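A quick write-up on the structure given underneath.
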DNA sequence: CCATGTGTATCAATACAACAATACACTTGA
DNA sequence: TCAAGTGTATTGTTGTATTGATACACATGG
């Protein structure tokens, strides 16, 4: 597990610890981090991204509270064994629902037809 | 112009004044508010949505700084005359670009194929 | 003229995020 | 055994963001 898998944007309005939690949620759901796999240590992650170790610890703590991670004392944090290797496509899609709803609202406010939006998104998804 | 055109979610992490600014941006770009048209007064908007008048004023002030609105002293705030009646489809699509980029990143993190995402969005857009 | 309607400058209160510096409990592994 | 590695609790500080309460300057329109 490499700390470089994660992306942190310090300038974003979204607080750092929440950026980390949400990335964890998606990376685990997508199977890019397998159950049982060890995450980068708090100090390693903090050093790599030049943030405070306590900020990383906070993110890990929240993820643990959600059942995403589990603490292996003396070892570090690992993806919880209760997490299936990879969620079903339907489950992963559900994680995007709030974002899709917001996008749809914006499209309506802009009075844009669906077609050009779908075309642009298709392009961004690399099809 | 009716204050009910606007939507405010007080519980959202997004601050209220920014919710207002961004809605203004889209509603003007989409032509749902025409150039020269008067917006609801600070107090009317604040009363309707049960927020502080200064919060609305702040949003108006920012929108004025962006050239979206202009102050008619003694009258109120109006959509700037320099705003074309409605932006081109391409311009409006450009306003969605950051949101589409973020969505694409999340889709990749979830290791989702493009197709189900596009299908779901199509449905939400009412096709 | 002046009551009434604009927007807003100012100040205060509150909450939050991030950082810093420790100290601690625990496990591992040589 | 014990040094070195985990995560975390604690305390304090700093900076910033958001919202709110109040008072003010100004233009309108009867």
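Chains as they are written, first to last, in the UniProt record's numbering: chain A, 1 to 127; chain B, 1 to 127.
No residue lacks a Cβ here, since even glycine has one placed at the ideal position from N, Cα and C.
The structure displayed is predicted, hence computed values, not measured ones.
Separation of residue 113 of chain B from residue 84 of chain A, as counted between CA atoms
19 Å
How big is the Cα-Cα spacing for residue 6 of chain B and residue 108 of chain A?
13 Å
Determine whether the Cβ of residue 63 of chain A lies closer than 8 Å to any Cβ atom of chain B.
no
In whole angstroms, give me the CA-to-CA distance for residue 3 of chain A and residue 103 of chain B.
22 Å
Leaving out the 5 sequence neighbours to the left and right, which residues in its chain are closer than 6 Å to residue 20 of chain A when beta-carbon positions are compared?
59
Residue 69 of chain A beta carbon less than 8 Å from that of residue 63 of chain A:
yes
Under 7 Å (Cβ pairs) to chain A, residues found in the stretch 25-43 of chain B:
26, 27, 29, 30, 31 and 32
Can at least three beta-carbon pairs, one atom from the stretch 9-25 of chain A and one from the stretch 49-59 of chain A, be found at a separation below 8 Å?
yes
For chain A, check one thing: does any of its Cβ atoms lie closer than 8 Å to the Cβ of residue 66 of chain B?
no
Under 8 Å by beta carbon: chain B residues contacting residue 83 of chain A:
Neighbours of residue 83 of chain A on chain B: none; closest Cβ ~14 Å, over 8 Å.
If you draw a straight line from the C-alpha of residue 91 of chain B to the C-alpha of residue 9 of chain A, how long is it?
27 Å
Span of the alpha helix (DSSP H) around residue 76 of chain B:
Note, residue 76 of chain B: premise wrong, no alpha helix (DSSP H); beta strand (DSSP E) at 76-79.
In chain order, what residues of the stretch 78-106 of chain A put their CB closer than 7 Å to some CB of chain B?
89, 92, 93, 95, 96, 99, 100, 101, 103, 104 and 106
CA-to-CA distance, residue 61 of chain A to residue 77 of chain A, given in whole angstroms:
9 Å
I believe residue 79 of chain B touches residue 35 of chain B by the beta-carbon criterion, under 8 Å. Please report the beta-carbon distance rounded to the nearest angstrom.
5 Å
When the distance is taken between beta carbons, is residue 82 of chain B closer than 8 Å to residue 67 of chain B?
yes
Pick out the complete alpha helix (DSSP H) segments inside the stretch 3-71 of chain B, 4 residues or longer, and give them in chain order.
16-29, 42-49 and 53-65
Using three-state DSSP, classify residue 82 of chain A as helix, strand or coil.
coil
Looking only at its own chain, which residues have a Cβ that is under 8 Å from the Cβ of residue 93 of chain A, when we skip the five neighbours before and after it?
none
Under 8 Å, Cβ to Cβ, is there at least one residue of chain B near residue 21 of chain A?
no
Listing by chain order, which chain A residues have their CB less than 8 Å from the CB of residue 109 of chain B?
23, 26, 27, 30 and 32
Top-ranked residue by Cα proximity to residue 42 of chain B, from B/118, B/120 and B/74:
B/74
Shorter than 8 Å from the beta carbon of residue 72 of chain B to some beta carbon of chain A?
no
Within 10 angstroms of the Cβ of residue 54 of chain A, are there 16 or more other Cβ atoms? Answer buried if so, exposed if not.
exposed
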